[in-house]
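Chains C and U are the protein sequences, given in the same order.
Here the first sequence is numbered in our numbering, starting from 1 and rising by one per residue.
Here the second sequence is numbered in our numbering, starting from 338 and rising by one per residue.
Positions of the beta carbon are idealized from the N, C-alpha and C atoms, including for glycine.
A quick write-up on the structure given underneath.
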Amino acid sequence: MITYIIRRLMAALLLLLVVSAATFSIFFVVPRLLGNSPETLAVRYVGRTATPETIRQVADSLGFYDPVYVQYLNWLKGIFVGADFDTGAGIERCPAPCLGYSFIDKQPVLPELLERLPVTLSLAVGAALIWLVFGIATGVVSALRRGSLLDRSAMTISLAGVSLPIFFTGMVTLLLFSYQLEWTASGGSFTPFTENPAEWAYNLLLPWTTLAFLFSAQYARLTRAGMLETMGEDYIRTARAKGLTEKTVTVKHGLRGALTPILTIFGLDFGLLLGGAVLTEKTFSLPGLGHYAITAIPRNDLPAVMGVTLVAAVFVIVASLIVDLLYAVVDPRVRLN
Amino acid sequence: MTAGTPFLQVRDLKIHFPTDDGLVRSVDGLSFGLERGRTLGIVGESGSGKSVTSLGILGLHNRRNARVSGEIWLDGKELVSASADEVRALRGQKMAMIFQDPLSAMHPYYTVGQQIVEAYRVHNKVTRKQARQHAVDLLGKVGIPQPDRRVDDYPHQFSGGMRQRAMIAMALSCDPELLIADEPTTALDVTVQAQILDLMHKLQQEFNSALIIITHDLGVTAELSDDVLVMYGGRCIEYATAREIFQSPEHPYTWGLLGSMPRMDRPVAERLTPVKGSPPSLINLPTGCAFHPRCVFEERTPDGLGRRVLPELAEAGPGHLVRCHLPAAQRRQIWVDEVKPKLEAS
Ligand SMILES: Nc1ncnc2c1ncn2[C@@H]1O[C@H](COP(=O)(O)OP(=O)(O)O)[C@@H](O)[C@H]1O
Ligand code: SF4
Ligand SMILES: [Mg+2]
């Protein structure tokens with residue numbers, strides 16, 4: 001077990017290296033291949049008004065004339081020992097762990113990410129709670145009442161849920177609940193949980209429900225399919241033969257069997273969401289990681305984009321590691337080795 | 338059958354399933370009785386309605402897609418007309434079932450011990466510790482070595498034979514008075530099969546329960562059963578003591594089954610000569626005698642009755658029931674002159 005965890009952690013680190021190298025290539029090498037010279041890249045950081053001399057100087061101090069692998073290794077080094085960046089107007093220190101320095105914000109990237117993480121985390125946790133409870137319950141009831149009006153309406157609504165884009169459902173809920181009914185906040189504001197839990201929840205209610213609607217739909221369908229399968233298993237008949245109540249049979253035997261694959265998918269979904277719920281954050285103007293990323297992209301803030309990507313990758317990799325470990329706990333037939 | 342109402346009395350049990358293809362008459366008018374301490378073997382090819390019968394007795398058919406009629410009296414209580422909750426309270430407690438293929442019949446995510454005492458904990462007020470001890474005791478009783486250790490294993494960690502033993506322990510959890518074993522040894526190899534049958538016999542004597550053994554293999558019933566009920570197409574076609582079924586069977590189908598019985602004293606290849614032809618469709622049973630398309634003696638039935646009229650289940654001797662148009666004397670003649678010598682020669 002311990003050796004398995006260590007091996008998986010090593011593999012996870014290796015994977016992170018690969019991901020970072022790949023991201024690095026995409027954001028730093030591809031522009032070069034597209035014909036951007038070191039100078040045009042440097043212009044992005046110091047602005048067009050700078051003299052050619054300053055631009056060359058900055059490009060040089062940022063290592064743009066170095067071979068790509070040297071640039072990558074320097075970037076990696078920054079994570080461990082920090083780095084200094086010449087902005088043309090002076091030297092800026094980016095302390096370790098330095099994920100890069102945004103020349104546009106004139107800020108190291110990591111603190112910016114950490115500042116936005118609670119928003120994304122709040123969004124993901126709240127939405128996940130709602131969609132797990134709601135999606136699984138709907139799936140179970142639909143499976144037990146298969147073919148009933150309830151089942152058919154739930155499945156129709158959930159089909160809409162999985163196929164409608166979030167900015168559409170988001171806009172509709174915003175219009176309805178916030179502007180028309182004025183029940184909820186219209187988004188755009190975030191209160192940390194530690195400051196005022198009630199306000200925190202109030203502000204997030206709409207994004208939560210919108211995001212949860214999308215996922216509930218998916219989880220309801222998954223749960224329904226899983227329940228239909230497990231409730232037809234021989235062990236369900238055995239459970240009934242023991243004289244257990246239908247509730248015990250359904251929950252303890254049926255749902256327990258159906259939940260395992262859902263756990264896997266949940267782990268990955270949650271990990272992905274932590275990297276930024278881009279569309280939801282955009283629709284409700286929530287200052288989370290996803291919002292940070294899509295603001296950075298049109299501004300050509302490559303270090304920022306690179307930072308978010310890497311953090312998102314960490315979340316996904318860690319989530320999948322946790323899921324694997326949990327799987328062995330949840331399904332005794334799985335041996336870790 | 339014995340005077341008075343036996344411990345278990347099934348009367349004219351019908352279990353039909355309406356489906357898109359038509360009405361499936363899986364069990365069509367079955368009657369039998371069984372006392373405590375006695376064993377009934379129900380024998381028939383696969384698809385003859387044996388499992389549907391046993392699930393019917395336990396009240397395990399979904400009332401939404403199964404039509405159950407007739408009477409099932411268990412210790413003076415009628416179960417077909419009883420409410421679902423009343424029947425549920427008896428399941429696991431007064432009547433229990435041992436299923437075929439324990440690997441799929443046990444939940445993969447719970448330990449063997451947890452599954453053994455589940456019924457016990459539902460029907461009795463006991464602490465977790467008492468329940469565990471109960472599981473260990475039962476596992477020891479069914480012959481699992483080191484039961485205090487194996488009790489925490491999961492089903493997949495048991496061998497096939499051990500799993501079947503655990504399944505038996507599970508059924509015995511509440512000392513049921515009626516035990517139904519549906520093909521309890523089908524998934525096992527021959528030596529393990531014999532051990533399991535031995536075990537069931539021993540336990541039945543100890544608990545003095547009524548036991549129904551369901552099997553497609555007459556050999557399995559030979560040793561254990563007091564009485565044998567042969568099923569064909571959802572109906573009883575012969576009912577007699579095990580002794581009579583083996584020594585003076587009267588139905589052509591039973592003769593066929595005897596011919597297909599695996600015999601330990603023969604090499605595998607010579608053992609099996611299954612009854613020719615395939616089991617009937619339960620949606621469109623053949624008219625007349627359901628066995629007639631496969632029956633080699635069909636042309637000997639008087640007036641071609643076999644094709645036209647369903648034979649009654651008639652008394653051929655004391656407690657010996659046969660559903661066949663052939664006159665009893667002629668049947669005995671055929672058995673003695675034609676069938677028995679062939680079976681003995683093969
Ligand atoms: N729920 C059901 N719906 C429709 N047909 C069924 C159902 N359960 C069993 N049957 C049919 O009843 C017949 C008898 O099945 P079964 O009792 O399992 O046979 P066996 O004697 O092999 O145990 C089979 O043809 C089967 O297809
Ligand atoms: S009634 Fe006729 S067809 Fe049916 S078993 Fe008897 S002899 Fe064969
Ligand atoms: Mg069967």
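Reference residue i; option with closest CA among the options
| i | options | result |
| --- | --- | --- |
| E514(U) | D438(U), N545(U), A426(U), V567(U) | N545(U) |
| I352(U) | R404(U), V612(U), E681(U), L371(U) | R404(U) |
| R645(U) | G625(U), L680(U), A653(U) | G625(U) |
| A339(C) | T264(C), S158(C), V18(C) | Outside the modelled stretch of chain C, which goes from 1 to 337, sits residue 339(C), for which no answer is possible. |
| V347(U) | V488(U), E635(U), V527(U), S406(U) | S406(U) |
| R400(U) | A421(U), W410(U), G498(U), E636(U) | A421(U) |
| G480(U) | C573(U), A559(U), D535(U), A579(U) | D535(U) |
| V659(U) | A577(U), F634(U), A433(U) | A577(U) |
| L286(C) | S122(C), F80(C), A50(C), N36(C) | S122(C) |
| A313(C) | P111(C), P38(C), F270(C) | F270(C) |
| G161(C) | L204(C), P38(C), Y219(C), Q107(C) | Y219(C) |
| D324(C) | A293(C), T280(C), I262(C) | I262(C) |
| R32(C) | I6(C), L9(C), M1(C), D66(C) | D66(C) |
| R428(U) | L268(C), F64(C), L164(C), E246(C) | E246(C) |
| Y590(U) | E581(U), A579(U), V567(U), Q584(U) | V567(U) |
| T638(U) | P616(U), R425(U), S615(U), Q667(U) | Q667(U) |
| H657(U) | P623(U), P586(U), E681(U) | P586(U) |
| L268(C) | F28(C), S320(C), M231(C) | S320(C) |
| L594(U) | S618(U), F628(U), L561(U) | F628(U) |
Residue i beta carbon near ligand 2 (any heavy atom closer than 8 Å)
| i | result |
| --- | --- |
| G625(U) | yes |
| E382(U) | no |
| L311(U) | Because chain U is modelled from 338 through 683, residue 311(U) falls outside the range shown and cannot be assessed. |
| F628(U) | yes |
| E635(U) | yes |
| H398(U) | no |
| L642(U) | yes |
| P589(U) | yes |
| T638(U) | yes |
Residue i CB to nearest heavy atom of ligand 1 below 8 Å
| i | result |
| --- | --- |
| L181(C) | no |
| E575(U) | no |
| G571(U) | yes |
| A506(U) | no |
| A753(U) | This structure gives no information on residue 753(U), because the portion of chain U shown stretches from 338 to 683. |
| L619(U) | yes |
| N402(U) | yes |
Assumed close pair residue i, residue j - CB separation to whole angstroms, cut-off 8 Å
| i | j | result |
| --- | --- | --- |
| A442(U) | T238(C) | 5 Å |
| Y446(U) | R256(C) | 6 Å |
| D358(U) | I620(U) | 6 Å |
| A547(U) | F344(U) | 5 Å |
| R375(U) | D563(U) | 5 Å |
Any non-hydrogen atom of ligand 3 closer than 8 Å to residue i Cβ
| i | result |
| --- | --- |
| E233(C) | no |
| Q501(U) | no |
| D564(U) | no |
| S441(U) | no |
| L517(U) | Per the sequence shown, the amino acid found at residue 517(U) is Ile instead of Leu. Outside the cutoff, so no. |
| I379(U) | no |
| I435(U) | no |
| S363(U) | no |
| I550(U) | no |
| E649(U) | no |
| K462(U) | no |
| K696(U) | Coverage of chain U is limited to positions 338 through 683, which leaves residue 696(U) absent and any answer about it impossible. |
(request) Check whether the region 369-387 of chain U touches the region 548-557 of chain U, counting contact only when three or more Cβ pairs, one atom from each stretch, lie closer than 8 Å. (result) yes
(request) Count the C-beta pairs between the region 137-147 of chain C and the region 185-203 of chain C that are closer than 8 Å, then say yes if the count reaches three, no if not. (result) no
(request) Inspect the CB distances between the region 249-260 of chain C and the region 190-210 of chain C and report whether three or more fall short of 8 Å. (result) no
(request) Please determine if the region 447-459 of chain U and the region 469-476 of chain U are in contact, where contact requires at least 3 C-beta pairs separated by less than 8 Å. (result) yes
(message) Count Cβ pairs between the region 205-223 of chain C and the region 126-143 of chain C that sit closer than 8 Å; are there 3 or more?
(response) yes
(message) With three or more C-beta pairs closer than 8 Å as the rule, is the region 147-157 of chain C touching the region 228-235 of chain C?
(response) no
(message) Count Cβ pairs between the region 96-106 of chain C and the region 301-313 of chain C that sit closer than 8 Å; are there 3 or more?
(response) yes
(message) For the pair the region 478-498 of chain U and the region 410-424 of chain U, tell me if three or more CB-CB distances fall below 8 Å.
(response) no
(request) Tell me, please, whether the region 524-534 of chain U touches the region 460-467 of chain U by the rule of three or more beta-carbon pairs shorter than 8 Å. (result) no
(message) For the structure I just gave you, are there three or more beta carbon pairs, one from the region 164-175 of chain C and one from the region 201-210 of chain C, closer than 8 Å?
(response) yes
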